[in-house]
Amino acid sequence: MIVGVPKEIKIQESRIAITPEGVSEFVRAGHSVVIEAGAGLGSAITDEELVSQGATMLPSPDQVWEKADLILKVKEPIAVEYPRMRSKQVLFTYLHLAASKECTDALISSGITAIAYETVEVSGQLPLLAPMSEVAGRMATQVGAAALQKPNGGRGVLLGGVPGVAPGKVVVIGGGVAGLNAAVIAMGMGADVTVIDRSISRLQYIDSLYMGRIKTLAASYRAIEREVISADLVIGAVLVHGAKAPKLVSNEQVRMMKPGSVLVDIAID
129 MIVGVPKEIK IQESRIAITP EGVSEFVRAG HSVVIEAGAG LGSAITDEEL VSQGATMLPS
189 PDQVWEKADL ILKVKEPIAV EYPRMRSKQV LFTYLHLAAS KECTDALISS GITAIAYETV
249 EVSGQLPLLA PMSEVAGRMA TQVGAAALQK PNGGRGVLLG GVPGVAPGKV VVIGGGVAGL
309 NAAVIAMGMG ADVTVIDRSI SRLQYIDSLY MGRIKTLAAS YRAIEREVIS ADLVIGAVLV
369 HGAKAPKLVS NEQVRMMKPG SVLVDIAID
């Protein structure tokens, strides 16, 4: 089998779908790996590192798509890549098709077999989505804390507070992998943290793990409204497998929030 890795071209995407170690594993298993030149530079992986493990570098994405039986990517194909897809070829990447009818239609029309990382399930878990959710959750709190600074248009709230001043209030909607990681970082900063989720068993898990340092609340319209309008930072982290995330915070609730408060929605796409 020929494995192909084109360079990611979606705006602000700099990752590569394979590491030198991954190349080595494919080659050791008897497969060939072709990679577009420069595909790893955004992740600080040079062509030389990939070649040293057995990869062949090709100068253009067209050549990679044409040669490969299996295409490995990070993000879903965009319009310029649609004509490169073909039948009897497999695409393995994050797809998030619920957010893109155009991409879904292009995949169907091409005849390609497309497998989404985010829907691969093992024993009820999502092993290919979880690592990205961990990163997104942790970054959400950092980004939110920065946005709260006065020069950035925020309320001028320090999440951890200082002696004599109350800490900032962080509300995380969704207690999954992303939401829990966001809450843990906020807790580490010293914030007053509440996680809202519809799963009581998940809330029990969070409560037992952090011994009440992270507050938990069963999800309802009234509970979300009450917590959101009093929060300094709201983080949306709700996941519905293979579908769009539900809209749980209304425009009216946003208008009721304190001036300069911040919303970070991990699941906005």
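In case it helps, this note's numbering puts the sequence shown at residues 129 to 397.
Every residue, glycine too, gets a C-beta built ideally from N, C-alpha and C.
In this structure, residue 276 lies near residue 389, with their beta-carbon atoms less than 9 Å apart. When secondary structure is reduced to three states using DSSP, residue 185 falls in the strand class. Distance from the Cα of residue 137 is smallest, within the candidate group 189, 149 and 220, for 189.
Taking a contact to require three or more Cβ pairs closer than 8 Å, the segment 148-166 and the segment 213-222 do not qualify as touching. Around the CB of residue 201, 16 or more other CB atoms lie within 10 Å, so the residue is classed as buried. A straight line joining the alpha-carbon of residue 171 with that of residue 240 spans about 28 Å. Note on residue 250: under 16 other CB atoms within 10 angstroms of its CB, so exposed under the neighbour-count rule. In the displayed model, residue 325 falls within a strand according to three-state DSSP. In the DSSP assignment, residue 243 forms a beta bridge with 220. The residue among 314, 369, 299 and 392 with its C-alpha nearest the C-alpha of residue 346 is 299. Beta-bridge pairing by DSSP links residue 198 to 131 and 218. DSSP places residue 380 in the uninterrupted alpha helix (DSSP H) bounded by 379-384.
Residue 364 and residue 254 have their C-alpha atoms roughly 19 Å apart. Each residue's CA atom was taken as its position, placing residue 286 and residue 273 some 7 Å apart.
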